[in-house]
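Taken in order, these protein sequences are the chains called R and F.
Residues in the first sequence are numbered from 7 upward in steps of one, following the numbering used here.
Residues in the second sequence are numbered from 126 upward in steps of one, following the numbering used here.
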Amino acid sequence: MVPDFLTIAEAAKLIQQRELSPVELVDSRLARIEKLDGKLHSFIRVLADTARAEARAAESDIAAGKYRGPLHGIPLGLKDIYETAGIPTTGHSKVMQDHVPKADAFSVKKLRDAGAVVMGKLATHEFALGGPSFDLPWPPARNPWDTTRFTGGSSSGTGASVAAGLVLGGTGSDTGGSIRGPSAFCGLAGIKPTYGIVSRMGILPLAFSLDHAGPMAWTTEDCAIMLQAMAGHDPTDPGSANRPIPDYRAALKGDVKGLRIGLVRHFHERDNEVNAATRNAIDAAAKQLAELGCSVRDVTLSPLPEWSACGMTIMLCEAYSIHEANLRRRFTDFGENFRDRMVLGGLVSGADYVQALRRRRELVAEFDRAMQSVDILMTAAAPSEAPPIDQVPKFALFERPSLTIAFNVTGSPAMSVCCGYTEAGLPLSFQIVGKRFDDATVLRLAHAYEQATPWRGRRPNLQ
Amino acid sequence: MTRQELDQALARLGLDVAAKERDEVVAVLPLLQQMLDRLRPPGGRDVAAEPAHVVKFPEG
Numbered sequence: 007m008v009p010d011f012l013t014i015a016e017a018a019k020l021i022q023q024r025e026l027s028p029v030e031l032v033d034s035r036l037a038r039i040e041k042l043d044g045k046l047h048s049f050i051r052v053l054a055d056t057a058r059a060e061a062r063a064a065e066s067d068i069a070a071g072k073y074r075g076p077l078h079g080i081p082l083g084l085k086d087i088y089e090t091a092g093i094p095t096t097g098h099s100k101v102m103q104d105h106v107p108k109a110d111a112f113s114v115k116k117l118r119d120a121g122a123v124v125m126g127k128l129a130t131h132e133f134a135l136g137g138p139s140f141d142l143p144w145p146p147a148r149n150p151w152d153t154t155r156f157t158g159g160s161s162s163g164t165g166a167s168v169a170a171g172l173v174l175g176g177t178g179s180d181t182g183g184s185i186r187g188p189s190a191f192c193g194l195a196g197i198k199p200t201y202g203i204v205s206r207m208g209i210l211p212l213a214f215s216l217d218h219a220g221p222m223a224w225t226t227e228d229c230a231i232m233l234q235a236m237a238g239h240d241p242t243d244p245g246s247a248n249r250p251i252p253d254y255r256a257a258l259k260g261d262v263k264g265l266r267i268g269l270v271r272h273f274h275e276r277d278n279e280v281n282a283a284t285r286n287a288i289d290a291a292a293k294q295l296a297e298l299g300c301s302v303r304d305v306t307l308s309p310l311p312e313w314s315a316c317g318m319t320i321m322l323c324e325a326y327s328i329h330e331a332n333l334r335r336r337f338t339d340f341g342e343n344f345r346d347r348m349v350l351g352g353l354v355s356g357a358d359y360v361q362a363l364r365r366r367r368e369l370v371a372e373f374d375r376a377m378q379s380v381d382i383l384m385t386a387a388a389p390s391e392a393p394p395i396d397q398v399p400k401f402a403l404f405e406r407p408s409l410t411i412a413f414n415v416t417g418s419p420a421m422s423v424c425c426g427y428t429e430a431g432l433p434l435s436f437q438i439v440g441k442r443f444d445d446a447t448v449l450r451l452a453h454a455y456e457q458a459t460p461w462r463g464r465r466p467n468l469q
Numbered sequence: 126m127t128r129q130e131l132d133q134a135l136a137r138l139g140l141d142v143a144a145k146e147r148d149e150v151v152a153v154l155p156l157l158q159q160m161l162d163r164l165r166p167p168g169g170r171d172v173a174a175e176p177a178h179v180v181k182f183p184e185g
């Protein structure tokens, strides 16, 4: 009997020791999807037959001594903006519901090369922006901690499916917080790696200069395992960095004593004031990190609305440029949330866009100056626990400045880490941010925090 | 931007937006304008301050 919940690291150890069969593991997840996804809607498409075939191939390879590593035989899900050869990739949109790519996305190929089993394509906000929406060909994903609640987005299906134990990990993308938001609301670990670490080739774009691809999983260790497979230079992605990829999992073992943490308190206490439960949980997390030997002091950056204005302007313009032709031809084939948000992109001028790029250069320089005296920044990942799914305003992005897009502007590694639960049992989180290309330190600190706290021992009750 | 100005802008963009959605867009435009105003610092920016070329960040 396979447990309802397993981490990638736990399953990998059992598979390597031949105490768990990949076929058995995949069958157990398919049964769980069958049982639970009718109310979670985390999958757009379940690939049962190919997943079973991939699991059988993994089992056969492992039996023949060809073990590939900790993703071999592990069932994962792909956000449905990651292209898959011969399998529809829709962006959760009517506009692309018949789009069948000829090739896998670069990062999907790398996950397959590592032996991962692709269980299916996961729900997303339409083209990674328009959600939660109830007027698309597929319903929005629901939060496994409380199905009346929002998963966060846009990597909504990944958040829901991993939290529910339908898959052991999944892919997300993050243009303004789309990995960190659903990770926060669903209680996961999720890292937006440094810009350029993971290729975006074959991933439907939202905004070229802000888009990041990365993993979401139950633990930081699992994120490190997935990132190891996904990362690497891709000459076909113009933003791809050509530099050696460190051993992220090995880096988890390092000491965090002496790390200098800058708490950007004004982001979440003044600029976008979080609720009391979140604030208390972040304060407790900062105290915990100090007990682990880190030094924690307040750091002040430009007010959050400045970062948000820069990032949102760039995002709206770049996204509008991508979807302009279809918006003209097929406006009502898009969901209302997506198309009306895009209208705003059409109203931003070229001069506004260039001013945003100029502002970006100033903000990146400011961030780099701040990081000279600290190793890590820390703030909120979300303003509260997950809100009711039917109470997310269409233009919420404009009502309060984003807590996450600042680090898309800077291209920095940024991660959501669960730091407790509300009295009603909904996850709370905080955000850890590192220097560009120092993803390993972000992962190391998050892992140390998880090891020192009990939060990873609790899972949603889905009975 | 007034509703009439929005209608003209949408016509230029070639977007066929329903009246109800136009009303909602008009209502949020002040927030969009506030956001755009933040991109221009008081006193202006040095004319020689170039935009960032950030598709590939410096690696140092």
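All C-beta atoms in this analysis are idealised placements derived from N, C-alpha and C, irrespective of residue type, glycine included.
Proximity to residue i [Cα-Cα], best of the options
i	options	result
ARG6 (chain R)	R:SER99, R:ALA386, R:LEU434, R:ASN414	This structure gives no information on residue 6 (chain R), because the portion of chain R shown stretches from 7 to 469.
SER308 (chain R)	R:ALA371, R:ILE438, R:THR95	R:ALA371
THR130 (chain R)	R:PRO146, R:LEU117, R:LYS115	R:PRO146
VAL114 (chain R)	R:PHE436, R:GLN469, R:MET232	R:MET232
MET79 (chain F)	R:PHE443, R:ARG249, R:ALA290, R:ALA362	Lying before the first or after the last residue shown, residue 79 (chain F) is absent from chain F, which here runs from 126 to 185.
LYS259 (chain R)	R:VAL398, R:GLN457, R:PRO407, R:GLY245	R:GLN457
ALA3 (chain R)	R:ARG74, R:GLN469, R:ALA420, R:ALA54	Past the edges of chain R, shown from 7 to 469, lies residue 3 (chain R), and the structure says nothing about it.
Enclosing alpha helix (DSSP H) for residue i [first to last residue]
i	result
ASP67 (chain R)	54-69
MET232 (chain R)	226-236
THR447 (chain R)	445-458
VAL470 (chain R)	The requested residue 470 (chain R) is not part of the displayed model; chain R covers only 7 to 469.
ASP289 (chain R)	282-297
GLN228 (chain F)	Given a span of 126 to 185 for chain F in the structure shown, any question on residue 228 (chain F) remains unanswerable.
GLN22 (chain R)	14-22
ARG35 (chain R)	28-46
LEU353 (chain R)	342-353
VAL415 (chain R)	412-415
LEU403 (chain R)	402-405
ARG255 (chain R)	254-257
Reduced DSSP category for residue i - H, G, I as helix; E, B as strand; rest coil
i	result
ILE328 (chain R)	helix
ALA152 (chain F)	helix
ALA388 (chain R)	coil
ARG271 (chain R)	helix
PRO183 (chain F)	Only weak support is given to the placement of PRO183 (chain F): the predicted model assigns it a pLDDT of 48, under 50, and the question is left unresolved by the model.
SER215 (chain R)	coil
THR516 (chain R)	With chain R covering 7 to 469 only, the question about residue 516 (chain R) has no answer from this structure.
LYS72 (chain R)	coil
ARG51 (chain R)	strand
THR338 (chain R)	helix
THR95 (chain R)	coil
VAL204 (chain R)	strand
ARG266 (chain R)	strand
THR90 (chain R)	strand
GLY317 (chain R)	helix
PRO81 (chain R)	strand
ALA109 (chain R)	coil
MET102 (chain R)	helix
ILE395 (chain R)	helix
LEU157 (chain F)	helix
VAL172 (chain F)	coil
LEU546 (chain R)	This structure does not reach residue 546 (chain R), given that chain R is present from 7 up to 469, and the question cannot be answered.
LEU210 (chain R)	coil
LEU322 (chain R)	helix
LEU164 (chain F)	coil
LEU383 (chain R)	strand
Extent of the continuous beta strand (DSSP E) run through residue i
i	result
HIS218 (chain R)	218-223
GLY427 (chain R)	The residue asked about is misnamed: residue 427 (chain R) is Tyr in this sequence, not Gly. That run of the beta strand (DSSP E) goes 420-427.
ARG464 (chain R)	That residue, ARG464 (chain R), is in no beta strand (DSSP E); it is neither H nor E in DSSP.
VAL439 (chain R)	433-440
GLY126 (chain R)	123-128
Per-residue burial, residue i [other beta carbons within 10 Å of its own, 16 or more giving buried]
i	result
ALA70 (chain R)	exposed
PRO460 (chain R)	exposed
PRO9 (chain R)	exposed
HIS105 (chain R)	exposed
PRO23 (chain R)	Sequence inspection shows Gln at residue 23 (chain R); the Pro mentioned does not correspond to that position. The residue in question, GLN23 (chain R), is exposed, as its Cβ has fewer than 16 Cβ neighbours within 10 Å.
GLY341 (chain R)	buried
VAL172 (chain F)	exposed
ARG35 (chain R)	buried
MET150 (chain R)	Sequence check: residue 150 (chain R) is Pro here, not Met. Its Cβ being crowded by 16 or more others within 10 Å, PRO150 (chain R) is buried.
PRO407 (chain R)	buried
ASP119 (chain R)	exposed
VAL180 (chain F)	Note that VAL180 (chain F) scores a pLDDT of 46, beneath 50, so its modelled location is shaky; the value from the coordinates is reported in the next line. When all chains shown are included, VAL180 (chain F) counts as exposed.
For this session: Within the region 131-201 of chain R, note down every full alpha helix (DSSP H) run reaching 4 residues or more, in order along the chain.
Result: Restricted to the region 131-201 of chain R, the alpha helix (DSSP H) segments that are unbroken, complete and at least 4 residues in length are 162-169, 186-192, listed in chain order.
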